[in-house]
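Engineer: Below you will find the structure I want to go over with you.
2 protein chains.
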Amino acid sequence: MTPASARGSAPPEPAGAAGDVAGPAPARRPGRPRSEQADRAILGAALRLLAVEGAGAFSMEAVAAEAGVGKTTVYRRWSSKGELIGAALELLRPPGPPEDAGSFEADLEAFGRGQGGRARDTGLADLLPRFGVAALGDPELRPLVIERVVGPVRAILAEIVRRGIDRGELTPGVDVEQAVDLLHGTTIYRILLSETDLGGADRTIAALGRTLREGLGNPG
Amino acid sequence: MTPASARGSAPPEPAGAAGDVAGPAPARRPGRPRSEQADRAILGAALRLLAVEGAGAFSMEAVAAEAGVGKTTVYRRWSSKGELIGAALELLRPPGPPEDAGSFEADLEAFGRGQGGRARDTGLADLLPRFGVAALGDPELRPLVIERVVGPVRAILAEIVRRGIDRGELTPGVDVEQAVDLLHGTTIYRILLSETDLGGADRTIAALGRTLREGLGNPG
DNA sequence: CGGTTTCGCTACGACTTCGTATCGAAACCA
DNA sequence: TGGTTTCGATACGAAGTCGTAGCGAAACCG
Chain S
32 MTPASARGSA
42 PPEPAGAAGD
52 VAGPAPARRP
62 GRPRSEQADR
72 AILGAALRLL
82 AVEGAGAFSM
92 EAVAAEAGVG
102 KTTVYRRWSS
112 KGELIGAALE
122 LLRPPGPPED
132 AGSFEADLEA
142 FGRGQGGRAR
152 DTGLADLLPR
162 FGVAALGDPE
172 LRPLVIERVV
182 GPVRAILAEI
192 VRRGIDRGEL
202 TPGVDVEQAV
212 DLLHGTTIYR
222 ILLSETDLGG
232 ADRTIAALGR
242 TLREGLGNPG
Chain B
32 MTPASARGSA
42 PPEPAGAAGD
52 VAGPAPARRP
62 GRPRSEQADR
72 AILGAALRLL
82 AVEGAGAFSM
92 EAVAAEAGVG
102 KTTVYRRWSS
112 KGELIGAALE
122 LLRPPGPPED
132 AGSFEADLEA
142 FGRGQGGRAR
152 DTGLADLLPR
162 FGVAALGDPE
172 LRPLVIERVV
182 GPVRAILAEI
192 VRRGIDRGEL
202 TPGVDVEQAV
212 DLLHGTTIYR
222 ILLSETDLGG
232 ADRTIAALGR
242 TLREGLGNPG
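Shown next as structure tokens:
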């Protein structure tokens, strides 16, 4: 019930990801190492359960069973429900600043493809957005989702809108926040309503952008 | 867990609402009549709980306690969780066809005011949208919400968009469904993100309409 | 090999939830 | 008054959940 304070109890360190040159030795701990496969299985099960079955079906026991893992193995990594969800939420965090793709719609399409593609890499493709929405519906998790996911996504979209203004594709008077509301809101809305094939929702963001530009822009 | 088949087990009949002229006598039943105040208290408590505390805190016992009512009194009316939520959902159903307010933005503002005003009448003002979103996040309830709430609202918004086209405010080529996505999606998105004062979200729909019109319309 | 940690599994106590049953009291009608 | 239904309160069995603890086995290191 505690809102996932995200304490560093046991972050699944890659133990050697960037430890090539700097810092002391990765401090190889004695004993059997933690299974990274279990990490993935647990996170994946958590995602699947909350996204597909809903908050009602989300329990630590169900996660463990779905992941084919003992309950102990789950609690050793995340000591409560909130922490586990918080960790899974991290998968939704968008990547760094977007690269300039040349035009407003191209930027949007690149962003959409990046989001969808990243999700597809994890093998959980279409579950992530629904997962985010489900978490957003929970009053305890909402602040976390807004801070870690919605905020960063909005920042990226705002940057894309600002670029459009700089390029002269959008009129300078455009309300950036409102434009972001339209872009992100409509995308999430479609994810929310779609019963299947969530992947498509992201991809249509470019078409959305065109409609908005023809509105927000001044072709004359 | 059953998705609220909405059987007519005991619909809280006003018992005399439209029974002035037509039909046989309202069939006054013997015994103590059901308390309409209990009806309102239960529905209100259900709304409050799901909207404010979230799906996790929603239990029949919590509803009964919040309503200051015995559990029996709840189950006598709605025999399961799903049925109760389904009934509360009914409060979100938009009214009939909207009246022509003269312009696209006026139509939108009238619609927004109608939605907000109706909610305010029930004394539950800002809770209803959040309640809808919370219910939308539940896989079991989503189809119900879409059918009874989202669909009708979309129909109204589509009608408003079509009127805008007929009036020449919007270009004839406008994709009505996409425009509705933008209007409804952005509105729901704002409700979803707002931590407080949900009432404002509906009211800004007119401003949203203006932005869209300047995009969707052809001023040249 | 011993030492250490994680593995999956099972069981535990405390708690909550569901939906039902029972209780005496209250509210209505004939 | 008697008959009927609802009222709030309480208790119930069955089921699920949380987070912890113990088990023997496996996986690593020195």
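Going down the list, the sequences are from chains S and B.
So the mapping is simple: our numbering equals the position in the first sequence, first residue as 1, plus 31.
So the mapping is simple: our numbering equals the position in the second sequence, first residue as 1, plus 31.
Don't be surprised by glycine CBs; every beta carbon is placed ideally from N, CA and C.
All values derive from a computational prediction rather than experimental measurement.
S/L175 to S/G117, Cα distance in whole Å?
Structural biologist: For the purposes of this step, residue 175 of chain S is taken as residue 144 along the first sequence, with counting starting at 1. For the purposes of this step, residue 117 of chain S is taken as residue 86 along the first sequence, with counting starting at 1. Taking the straight line from one Cα to the other gives about 8 Å.
Engineer: Just how far apart, CA to CA, sit S/R124 and S/M91?
Structural biologist: As a position in the first sequence, residue 124 of chain S is number 93, starting the count at 1. As a position in the first sequence, residue 91 of chain S is number 60, starting the count at 1. Approximately 23 Å between the Cα atoms of the pair.
Engineer: Short of 9 Å Cβ to Cβ, which residues in the segment 172–192 of chain B face chain S?
Structural biologist: Answer set for the segment 172–192 of chain B: L172, R173, P174, I177, V181.
Engineer: Does the beta-carbon distance from B/T235 to B/R244 come in below 9 Å?
Structural biologist: As a position in the second sequence, residue 235 of chain B is number 204, starting the count at 1. As a position in the second sequence, residue 244 of chain B is number 213, starting the count at 1. Contact flag unset, no.
Engineer: If I measure Cβ to Cβ from B/E97 and keep anything under 8 Å in the same chain, skipping five residues before and after, which residues do I get?
Structural biologist: As a first step, residue 97 of chain B must be located in the second sequence, where it is residue number 66. Within the same chain, B/E97 has close Cβ partners A76, R79, L80.
Engineer: Alpha carbon to alpha carbon, what distance is there between S/G204 and S/A210?
Structural biologist: Position 179 of the first sequence, counting from 1, holds the residue named residue 210 of chain S. Position 173 of the first sequence, counting from 1, holds the residue named residue 204 of chain S. Cα-Cα distance, rounded: 11 Å.
Engineer: What does the Cβ neighbour count give for B/Q68, buried or exposed, with the cut at 16 atoms within 10 Å?
Structural biologist: Here residue 68 of chain B corresponds to residue number 37 of the second sequence, with the count starting at 1. B/Q68 should be labelled exposed.
Engineer: Hey, is S/L243's beta-carbon within less than 9 Å of any beta-carbon in chain B?
Structural biologist: Within the first sequence, residue 243 of chain S is the residue found at index 212, counting from 1. Closer than 9 Å to some Cβ of chain B, the Cβ of S/L243 qualifies, so yes.
Engineer: Determine the chain S residues that contact B/I28 at a beta-carbon separation under 9 Å, and present them in chain order.
Structural biologist: No answer is possible for residue 28 of chain B: it lies beyond the span of chain B, which begins at 32 and ends at 251.
Engineer: S/A186: buried (16+ other C-beta within 10 angstroms of its C-beta) or exposed?
Structural biologist: Start at 1 with the first residue of the first sequence, and residue 186 of chain S comes out as number 155. S/A186 should be labelled exposed.
Engineer: Show which residues of chain S have a CB atom less than 7 Å away from the CB atom of B/G87.
Structural biologist: The residue labelled residue 87 of chain B in the question sits at position 56 within the second sequence. What B/G87 touches in chain S: A86, D169.
Engineer: Is the CB-CB distance between B/L167 and B/L122 below 9 Å?
Structural biologist: Taking the first residue of the second sequence as 1, we reach residue 167 of chain B at position 136. Taking the first residue of the second sequence as 1, we reach residue 122 of chain B at position 91. In this structure, B/L122 does not lie closer than 9 Å to B/L167 by Cβ.
Engineer: Identify which residue in B/T202, B/R161, B/A238, B/D70 has its Cα closest to the Cα of B/G100.
Structural biologist: Residue 100 of chain B sits at position 69 when you count from the first residue of the second sequence. The residue asked about is misnamed: residue 100 of chain B is Val in this sequence, not Gly. With distances taken between Cα atoms, B/V100 lies closest to B/D70.
Engineer: Compare the Cα-Cα distances from B/L239 to each of S/D212, S/L239, S/T242, S/P183 and report the closest residue.
Structural biologist: For the purposes of this step, residue 239 of chain B is taken as the residue at position 208 of the second sequence. The shortest C-alpha separation from B/L239 is found at S/D212.
Engineer: What in chain B is Cβ-close to S/A165, meaning under 7 Å?
Structural biologist: Here residue 165 of chain S corresponds to residue number 134 of the first sequence, with the count starting at 1. Per Cβ cutoff of 7 Å: G168.
Engineer: Give the single residue among S/L188, S/L115, S/A93, S/V164 whose Cα lies nearest to the Cα of S/A141.
Structural biologist: The sequence position of residue 141 of chain S within the first sequence is 110, counting from 1. Measuring from the Cα of S/A141, the nearest candidate turns out to be S/L188.
Engineer: With S/D138 and S/I177 assumed to form a contact (beta carbons below 8 Å), what rounded beta-carbon distance in angstroms separates them?
Structural biologist: By one-based count along the first sequence, residue 138 of chain S stands at place 107. By one-based count along the first sequence, residue 177 of chain S stands at place 146. Not confirmed; about 23 Å, so no contact.
Engineer: Distance, Cα to Cα, S/P129 vs S/Q146?
Structural biologist: Start at 1 with the first residue of the first sequence, and residue 129 of chain S comes out as number 98. Start at 1 with the first residue of the first sequence, and residue 146 of chain S comes out as number 115. Going from the Cα of S/P129 to the Cα of S/Q146 covers about 11 Å.
Engineer: Could one say the Cβ of S/L239 lies closer than 9 Å to chain B's Cβ atoms, at least one of them?
Structural biologist: Locating residue 239 of chain S in the first sequence gives position 208, counting from the first residue. At least one chain B Cβ lies under 9 Å of S/L239.
Engineer: Helix, strand or coil: which one does DSSP assign to B/D131?
Structural biologist: One-based indexing of the second sequence puts residue 131 of chain B at position 100. The answer is coil: DSSP assigns B/D131 none of H, G, I, E or B.
Engineer: Between B/L158 and B/V94, is the Cβ-Cβ spacing less than 9 Å?
Structural biologist: Reading the second sequence from its first residue, position 127 is the one you call residue 158 of chain B. Reading the second sequence from its first residue, position 63 is the one you call residue 94 of chain B. No, the pair does not count as a contact, with Cβ atoms beyond the cut-off.
Engineer: In the DSSP assignment, find the unbroken alpha helix (DSSP H) run with B/V94 in it and report its ends.
Structural biologist: Reading the second sequence from its first residue, position 63 is the one you call residue 94 of chain B. Run containing B/V94: 91–98, per the alpha helix (DSSP H) assignment.
Engineer: Of all the CB atoms in chain S, is at least one closer than 9 Å to the CB of B/D138?
Structural biologist: Here residue 138 of chain B refers to the residue found at position 107 when the second sequence is read from its first residue. So no, B/D138 is outside the interface.
Engineer: Between which residues of its own chain and B/S40 is the CB-CB distance below 7 Å, once the five residues before and five after are set aside?
Structural biologist: For the purposes of this step, residue 40 of chain B is taken as the residue at position 9 of the second sequence. A caution first: B/S40 carries a pLDDT of 37, below 50, which makes its placement in the model unreliable, though a value can still be read off. Contacts found: S110.
Engineer: For a contact defined as C-beta to C-beta under 7 Å, what are the partners of S/D212 on chain B?
Structural biologist: Residue 212 of chain S sits at position 181 when you count from the first residue of the first sequence. The answer, in chain order, is T217, Y220, R221.
Engineer: From the beta carbon of S/V94, is the nearest beta carbon of chain B less than 9 Å away?
Structural biologist: Start at 1 with the first residue of the first sequence, and residue 94 of chain S comes out as number 63. So, not an interface residue.
Engineer: Cutting at 7 Å between CB atoms, please list the residues of its own chain near B/A237, excluding the five before and the five after it.
Structural biologist: In the second sequence, residue 237 of chain B corresponds to position 206, counting from 1. Result list for B/A237: E136, L139, E140, G143, in chain order.
Engineer: So with Cβ pairs under 9 Å, would you call B/D70 a contact of chain S?
Structural biologist: Counting from one through the second sequence, the residue named residue 70 of chain B turns up at place 39. So no, B/D70 is outside the interface.
Engineer: Could you tell me the distance, in whole angstroms, from the CA atom of S/D197 to the CA atom of S/T217?
Structural biologist: The residue labelled residue 197 of chain S in the question sits at position 166 within the first sequence. The residue labelled residue 217 of chain S in the question sits at position 186 within the first sequence. Going by the C-alpha atoms only, they are around 24 Å apart.
Engineer: Cα-Cα, which of B/A119, B/R161, B/G127 is closest to S/R173?
Structural biologist: Here residue 173 of chain S is taken as the residue at index 142 of the first sequence, counted from 1. Closest by alpha carbon: B/R161.
Engineer: Looking at chain S, is there any beta carbon in it that lies within less than 9 Å of the beta carbon of B/Q209?
Structural biologist: Translated into positions along the second sequence, residue 209 of chain B becomes position 178. Cβ-Cβ to chain S under 9 Å: yes for B/Q209.
Engineer: Check whether the Cβ of S/P83 lies closer than 9 Å to any Cβ atom in chain B.
Structural biologist: What you label residue 83 of chain S is simply residue 52 of the first sequence in a count that begins at 1. This sequence places Val at residue 83 of chain S; Pro is not what is there. Answer yes: the Cβ-Cβ gap between S/V83 and chain B drops below 9 Å somewhere.
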